[in-house]
């Protein structure tokens, strides 16, 4: 077969051994060399291809290592039986989703103001966290590193009245991730009661984990307790500090009722998402429900994605003893999903007082923006604002237009506002209502957007 | 009631309004003030407590905002009906798991050598990534930011023969996290074939997501194809570059067979975990199976947790078109779990050539360590080493001792080695075999550990 042996045309672009290897591998894959066919001996190949013995030896040993040829005692190298390439399916990529429209003013609720972010402190801290902690390169604690968990327990006790030890803290890459983890820890077969209207990601997480989601109406004090009792759900997810999206703050009486609901049957748990608790304008924050829980039935959750920035993927949850035990049994071999350098940066940010300072600056700015936007829109005849005493969004109701018209007229001015129905499930949305976020707009933009909205909705 | 109204003893530790508020809230919670009881008028309270009107007003408005009291027209503030605190359960924390024993030499497989990590480059890059990219504070793309995905697609095409566009790349906080995400995307009701012995976290992930795991034996070429065919599984998870833990490299013929298996029925997928592909000692890496796939049935996965460090929680997967479509439908509203600053740091590390340089340095070091450890242990009479031509661990078989004796005698010298049976499920482990990782030991430690092991196993 020597005469007919397919030889490569060598170029200068790659090592000779590599060209020889690729050429023979390709011939075997395409069938040009049949299974069982012998390669020329190494010496013969040197002569045929005009290359050195070491080139041939390297190419042949690669072919053997990768299974293209088999080394047979006394007969040299024999081509292996490869299957022809698997049939090609029409595997073209699905069309990319269309680019989102560009808005002059985006009043959605997920943006933050990055102008107050302490870039230079964060950059310094990040650099120090890397330089001063070579040990952080190794694998850390599955719940997050102890020093960060201690700083979080301290922070939450001081500012939110949360009662916990660092052992109960679980750090993870974002609130949605932790919710997903939590749904794997909670007692199986339990339906989860969700606020309606409510946080869409909580509905999505329940669906992904195969849990029945039961929408429960929200009244002026938060999740309806009677509806919760009747629902048969074993778990309830609530946002007591600033209900998303209605902006209701749950008063002490309702908190106490929900704790009673949780303690009234074995295996019930209340998930307290302390959404927007950092930002209250008209009174100071109400302590967390978790701090009132004496039965070990509350899971407290929080995140830095709004109080620092969405880019910082760090959230935390406080597990009651029963769930902590389950976490240790289930997830103790995994790694925490937050980079240890970022954990250490955040810890420094907290304990050096930079977080407190940042929250005060950001809070002052958001309070001003909220007052500015709400004040300008309150001038629209017939408009009713609600939920504006806390958080980074509020609701506007304007009975003379339907929700669709409100959204469409805003869009004509290139202003993105979300309809309240976007967050509604079983409960019909309060009519003629839109959700207005302001955190991502500058004060100048807020003024101009408010002017355009006054015109659009006049 | 004025005379009997419980008044606080003021201290200097907190604002007066706060002390007044806490005192009254506590009296309502404890029942000392009954539901329906009236608070003294504001003016009367000023006189009773000897504080200013603004102090009383602030305290009363907090009590009202939090639902402890109700403001009734013309009758002032009336105590609300709170339920007594929920009953206390014996909610003590479960005992913390015992501290892991401290080993003089840890030969487990998850450590890396941090001495070659380019701390100063990484610190510089991290700082630059923060300073130069204020826009990164906002929410990013759910699959990870496009520039990093483009750099990964380029890297994988160049070094691993992976064929993909940046649109197919999904970045996430660690390989275990991505595997968990993937199990939510893959067709439901399909059992997943896993290598036996194999990666424990893959078994754990299947269990968590309620998928049946089918252990498939590994022979000298990787996952047994006939057993896979017979298993009825619709998904298969393999580590072709350096099978964990056996260290087998899957030759081209077996790769082709697995591709045929995947293409032979609708909805079958092959998950290629390209574990340890960065570190080969005796020949260069074999291109990824993904690059040979023409039917869109391979999901390629990789991580930087070994090639850079476990602390860097960045892994990636390449989705074939059908799964990409499913990802967009299911997860497009979530956020990527990796901090955008860390994504940008990693991108700079890749495109500035620092990653390539780091891999070469780390590779040279690990190659030396592998040769040193394997060479020293090969001198033990009767010992057979395998899987030492790639990766950061190898196997040692010593037929005259049982696995338990090998592990126990090493432990007597304070050396941690894992038994092979730790990774076995249905298949009985090859007897008298231990798994030896060396990446976390210095060269000096390797020499001393080998000497102790020679003594322990003589």
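Protein chains in written order, with my numbering: chain L, 12 to 469; chain D, 12 to 469. In this text, a Cβ means the ideal position worked out from N, Cα and C, and glycines have one as well.
Per DSSP, the unbroken beta strand (DSSP E) holding residue 248 of chain L starts and ends at 246 to 249. When the beta-carbon positions are compared, residue 18 of chain L and residue 59 of chain L come within less than 9 Å of each other. Only residues of its own chain outside the window of five on either side were considered, and among them 225, 227, 239, 242, 244 and 247 have a CB closer than 6 Å to the CB of residue 204 of chain D, listed in chain order.
The alpha-carbon separation between residue 426 of chain D and residue 366 of chain L amounts to approximately 43 Å.
Residue 319 of chain L and residue 370 of chain L have their C-alpha atoms roughly 8 Å apart.
Closest by C-alpha distance to residue 195 of chain L, out of D/424, D/419 and D/217, is D/217.
Identification of residues in the segment 351 to 380 of chain L having a C-beta nearer than 8 Å to some C-beta of chain D yields 351, 352 and 353, given in sequence order. Note that the segment 79 to 93 of chain L does not touch the segment 333 to 351 of chain L; fewer than 3 beta-carbon pairs, one per stretch, sit closer than 8 Å. Residue pairing for residue 361 of chain D: DSSP places it in no beta bridge. Contact check between the segment 105 to 120 of chain D and the segment 61 to 75 of chain D: fewer than three CB pairs, one atom from each, fall below 8 Å, which does not count as touching.
Just measuring C-alpha positions, the residue of L/277, L/325, L/340 and L/291 sitting nearest residue 309 of chain L is L/277.
Within chain L, the C-beta atoms nearer than 9 Å to that of residue 92 of chain D come from 264, in chain order. For residue 359 of chain L, same chain residues with a beta-carbon under 6 Å away, outside a window of 5 residues either side, are 136 in chain order.
Counting along the chain, residue 283 of chain L sits inside the beta strand (DSSP E) bounded by residues 280 to 284.
If you draw a 10 Å sphere on the C-beta of residue 64 of chain L, you find fewer than 16 other C-beta atoms in it, and that means exposed. Distance from the Cα of residue 75 of chain L is smallest, within the candidate group D/260, D/176, D/215 and D/30, for D/260. Judged by beta-carbon spacing, residue 123 of chain L lies within the 9 Å limit of residue 403 of chain L, meaning their Cβ atoms are closer than that value. A direct Cα-to-Cα measurement between residue 62 of chain L and residue 56 of chain L gives close to 8 Å. The residue from D/159, D/172, D/392 and D/283 with its alpha-carbon nearest to that of residue 213 of chain D is D/283. The residues 127, in chain order, have a CB closer than 6 Å to that of residue 373 of chain L in the same chain once the five nearest residues on each side in sequence are set aside.
With the criterion set as a beta carbon lying under 9 Å from some beta carbon of chain D, the members of the segment 147 to 167 of chain L are 147, 148, 149, 150 and 151, in sequence order.
Among the residues facing chain L, residue 188 of chain D is included, as its CB has a counterpart in that chain under 9 Å away. For residue 344 of chain L, the nearest beta carbon of chain D is closer than 9 Å to its own beta carbon. By the C-beta density criterion, residue 41 of chain D is exposed, having fewer than 16 other C-beta atoms within 10 angstroms. With a threshold of 9 Å between beta carbons, residue 268 of chain D makes contact with chain L. If you draw a 10 Å sphere on the C-beta of residue 348 of chain L, you find 16 or more other C-beta atoms in it, and that means buried.
For the segment 216 to 240 of chain L, the set of residues with a beta-carbon nearer than 8 Å to any beta-carbon of chain D comprises 219, 221 and 232, in chain order.
If you look at residue 348 of chain D, you'll find it isn't in any beta strand (DSSP E); DSSP assigns it neither H nor E. Restricted to the segment 170 to 211 of chain L, the alpha helix (DSSP H) segments that are unbroken, complete and at least 4 residues in length are 186 to 196, listed in chain order. For residue 29 of chain D, the uninterrupted alpha helix (DSSP H) run begins and ends at 27 to 41, by DSSP. By the neighbour-count criterion, in which 16 or more other beta carbons inside 10 Å mark a residue as buried, residue 304 of chain L falls on the buried side.
With contacts defined by Cβ atoms closer than 9 Å, residue 154 of chain L and residue 180 of chain L form a contacting pair. Within the same chain, Cβ atoms closer than 8 Å to the Cβ of residue 430 of chain L are found at 414, 415, 417, 418, 440, 444, 445 and 446, the five residues on either side in sequence being excluded. DSSP, read as helix, strand or coil, puts residue 141 of chain L in helix. The closest CA to that of residue 79 of chain L, considering only L/207, L/384, L/302 and L/36, is found on L/36. The three-state secondary structure of residue 67 of chain D, taken from DSSP, is helix.
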